[in-house]
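Let me begin by presenting the structure, written as C-alpha cells, before commenting on it.
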Amino acid sequence: MVYKGEEIMKIGTKDLTSIALLVAVTIILSQIVIPLQPVPISLSMIAIYLSGGLLGWKKGAITQIIYIGIGAIGLPVFASAKGGIPVLFGPTGGYIVGYLLAAIITGFIIEKVSNLNIFTIILAMVAGIISCYILGTVWLGFITEIGFYNALFLGVIPFILGDILKIIVAAILVKKIKTLNLI
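One point on numbering: in our numbering, the residue at position 44 of the sequence shown is 44, and numbering is uninterrupted.
Here it is as C-alpha cells:
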C-alpha cells in the first residue's frame, strides 16, 4: 500500500511486478549510451514513456521515483553506469529528475483520454519530453553557468531527432501492449 494523504492507493502483485519490470527496463535502457558531453544520448526516455503510458501517472511516477532513488543511493543505474547524489547535482541531474515529470505528464494525458489512438499517445509523450527538456535545460544552464540558450543548444537541439524516433517506438509499444492488455 502507498499512503497518499488520507487516501490509500492499493498496489497489488500485478502492479508491483509491472513497476519492478519498468524500473528494470529503465535501468537497462539507460545503459545503452552514445557518450556525448555534457549530456549523453541514451534510450532511457523509451522506458520513461512506457512507465507513464502503460502504468498511468501514479504508478509511472512510483517507477521513476524508485529508479532515481536507486541511482541516488549510489547504484550505477544512470547513463554510462553512473550513480550517486553528485550525478543528480551534475549537468544531467535536471534531465534525470525530469524523467519523473515526463512519466507523470505522459501517464496523466493518456489516462484522461477516452479514445486512445497513436496520435494521442504521441502527443502525450511530446508533452512529457518538453517538460523534461525544460527542467533539464534550466538545470544544465544553471549548474554549468552557460545560461538557458547555450544549454538549449547543448542539451536539447542535438537530441530532438533521436527523441522523435524514441517517441514513435514507445507510442507503438504502448498502443500494442495496451491493445493486448499485457500490463
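Positions of the beta carbon are idealized from the N, C-alpha and C atoms, including for glycine.
Residue i vs residue j beta-carbon contact at 7 angstroms
i	j	result
S131	I167	no
V174	I129	no
Y49	A170	yes
G71	G83	yes
I41	I34	yes
G90	W139	no
Alpha helix (DSSP H) segment containing residue i, residue limits
i	result
I167	160-180
K14	13-30
L152	147-155
Minimum C-alpha distance to residue i - residue among the options
i	options	result
L193	V87, V39, G53	No statement about residue 193 is possible, as the shown extent of the chain runs from 1 to 183 and does not include it.
V156	Y95, L180, L55, T144	Y95
L55	S80, G12, P158	G12
V23	I32, K178, I62	I62
F159	Q37, L100, T26	Q37
A102	I65, N117, F119	I65
Counted within 10 angstroms of its Cβ, other Cβ atoms place residue i as buried (16 or more) or exposed
i	result
S44	buried
G98	buried
K58	buried
I85	exposed
I68	buried
To test your reading of the DSSP string, which unbroken alpha helix (DSSP H) runs of 4 or more residues are found completely within the region 67-135?
The region 67-135 contains these whole alpha helix (DSSP H) runs: 85-88, 93-112.
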